[in-house]
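Peer 1: Going by my numbering, the sequence shown opens with residue 92, and the numbers climb by one from there. For every residue, glycine included, the Cβ atom is placed at its ideal position computed from N, Cα and C.
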Amino acid sequence: MYARLTYDVVVVGGGPAGATAAHDLSVAGRSVLLLDRAGRIKPCGGAIPPVAMREFDIPDHLLVARAKGARIFAPSAKRVDMPIDNGFVGMVDRDVFDEWLRDRAARAGADRVEGTFEMLSRDEDGTAVVQYASNKGPGKAEKRTVRARSVVGADGALSHVARQAMPGAQRIPYVFAYHEIVRIPARVEGDAYDATRCDIYYQGRYSPDFYAWVFPHGDTASIGTGSANKGFSLRQAVGALRQETGLEATATIRKEGAPIPLKPLKRWDNGRDVVLAGDAAGVVAPASGEGIYYAMTGGRLAADAVHDFLATGDARALATARKRFMKAHGRVFWILGIMQRFWYSSE
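In structure tokens:
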């Protein structure tokens with residue numbers, strides 16, 4: 092009756108949340124389409140804790156550095172070193188890491204498509220229809236549609252899926268983040284940069300309402316900042332931070348910018364067949380900005396919720412993704428939210 096191909100699940104967005112959801116659902120035997128825009132790399136420090144590596148079977152070879160601690164810079168210019176005793180935080184390059192996750196999902200059985208999500212509509216029987224523009228090269232985008240018994244929206248902080256499926260989702264607070272990936276010289280004078288340390292700056296000259304960072308990535312480093320103040324120049328702030336750390340003359344490999352959510356949405360599902368994950372659901376830890384582990388956790392919980400929904404037909408199963416996430420991590424988010432309001436309120 093219907094000419095369109097029907098999937099159990101269409102996952103929109105191939106970052107850590109979407110790729111994890113696509114992988115888990117494929118392993119569970121569901122037919123999955125993973126739709127992702129080609130060439131997009133999110134600005135990110137790339138920190139991934141050991142717990143994420145254990146829970147999601149991340150191989151060591153994806154780590155480009157192991158941070159043994161952090162240095163926190165206060166507005167007063169005081170600094171505090173925070174070593175990680177007998178441990179480390181892994182650092183990944185998002186272009187390589189995210190592609191590995193997408194490839195793993197494909198190896199598990201998901202169909203990968205490079206394209207841009209455009210619209211969510213309904214077929215005559217009420218089944219969701221996902222319209223996207225496939226990537227065929229410059230000037231060659233082709234409009235396509237597929238039917239989906241369920242949809243996972245993992246398409247970032249300004250999620251188009253969320254805006255079309257859930258009223259109020261567009262009101263999510265966010266900052267705009269920008270970073271530059273730079274080549275690290277063989278020798279850096281002084282201790283302003285350490286290849287085994289993450290540096291975090293709570294200083295107004297680098298961000299009036301967020302924070303700036305310098306994170307090691309082996310032969311490269313991520314130098315970035317963020318702000319919700321549209322009049323604040325992120326590029327100038329990153330330039331000043333590069334000068335401060337002695338990295339102003341190093342080669343710039345690439346520059347990236349994207350919004351980062353500041354608070355989880357109060358609802359992650361539409362009560363029918365759509366559930367959100369990752370930045371689309373607002374799961375970036377306040378104050379610290381940690382996002383990869385929480386995105387993958389949210390993707391896994393979304394996959395579990397969708398799997399239960401498909402098995403039972405009960406749309407209430409979709410709400411379990413948020414319930415389970417907040418039960419496990421809500422207190423941490425609450426405490427970090429208080430710290431964020433304190434740290435970001437003034438110099």
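Identify which residue in A408, D405, S318, L367 has its Cα closest to the Cα of T388.
Peer 2: Comparing Cα-Cα distances from T388 to each of A408, D405, S318, L367, the minimum goes to L367.
Peer 1: Taking C-beta to C-beta, are Q334 and A168 nearer than 9 Å?
Peer 2: It is not a contact, given that the beta carbons lie outside the stated cut-off.
Peer 1: Mind listing, in chain order, the continuous alpha helix (DSSP H) runs of no fewer than 4 residues lying wholly within the segment 410-436?
Peer 2: List check, alpha helix (DSSP H) in window: 411-436.
Peer 1: Going straight from the alpha carbon of E205 to that of A253, what length do you get?
Peer 2: Taking the straight line from one Cα to the other gives about 20 Å.
Peer 1: Put M182 into one of helix, strand or coil per three-state DSSP.
Peer 2: Residue state, collapsed to three classes: strand.
Peer 1: Which residues in the same chain as V101 place their Cβ atom closer than 7 Å to its Cβ, once the five residues preceding and following it in sequence are excluded?
Peer 2: Counting only Cβ-Cβ distances below 7 Å, and skipping sequence neighbours, we find L124, L126, V221, V237, A239, V242.
Peer 1: Quick one: using the 10 Å Cβ neighbour count with 16 as the cut-off for buried, is A303 buried or exposed?
Peer 2: A303 comes out buried.
Peer 1: Relative to the C-alpha of K159, which candidate in A196, D364, P141, P355 has its C-alpha closest?
Peer 2: Closest by alpha carbon: P141.
Peer 1: What separation, rounded to the nearest whole angstrom, lies between the Cα atoms of G200 and H114?
Peer 2: Their backbone Cα atoms lie some 8 Å apart in a straight line.
Peer 1: Assuming P355 and D370 are in contact, meaning their beta carbons sit under 8 Å apart, how far apart are those beta carbons, in whole angstroms?
Peer 2: In fact, because the Cβ distance is near 10 Å, the residues do not count as touching under 8 Å.
Peer 1: What is the DSSP secondary structure of S167, counted as helix, strand or coil?
Peer 2: DSSP places S167 in coil when its eight states are reduced to three.
Peer 1: Kindly indicate the opening and closing residues of the alpha helix (DSSP H) around M387.
Peer 2: Looking at the DSSP string, the run of the alpha helix (DSSP H) that includes M387 is 383-403.
Peer 1: Mark G281 as exposed unless 16 or more other C-beta atoms lie within 10 angstroms of its C-beta, in which case mark it buried.
Peer 2: Result: exposed.
Peer 1: Taking the alpha-carbon of P299 as reference, which of A283, V305, T316, A286 has the nearest alpha-carbon?
Peer 2: Here the closest residue by C-alpha is T316.
Peer 1: In whole angstroms, what separates the C-alpha of L427 from that of Y435?
Peer 2: Cα to Cα, L427 sits roughly 12 Å from Y435.
Peer 1: Around the Cβ of P171, are there at least 16 other Cβ atoms within 10 angstroms (buried) or fewer (exposed)?
Peer 2: Just to set this straight, residue 171 is Val in the shown sequence, not Pro. It counts as exposed.
Peer 1: Could you pull out every residue in the same chain whose Cβ sits closer than 6 Å to the Cβ of A410, ignoring the five residues on either side in sequence?
Peer 2: Contacts found: D360.
Peer 1: So what does DSSP say about W304, is it helix, strand or coil?
Peer 2: Of the three classes helix, strand and coil, the one that applies to W304 here is strand, per DSSP.
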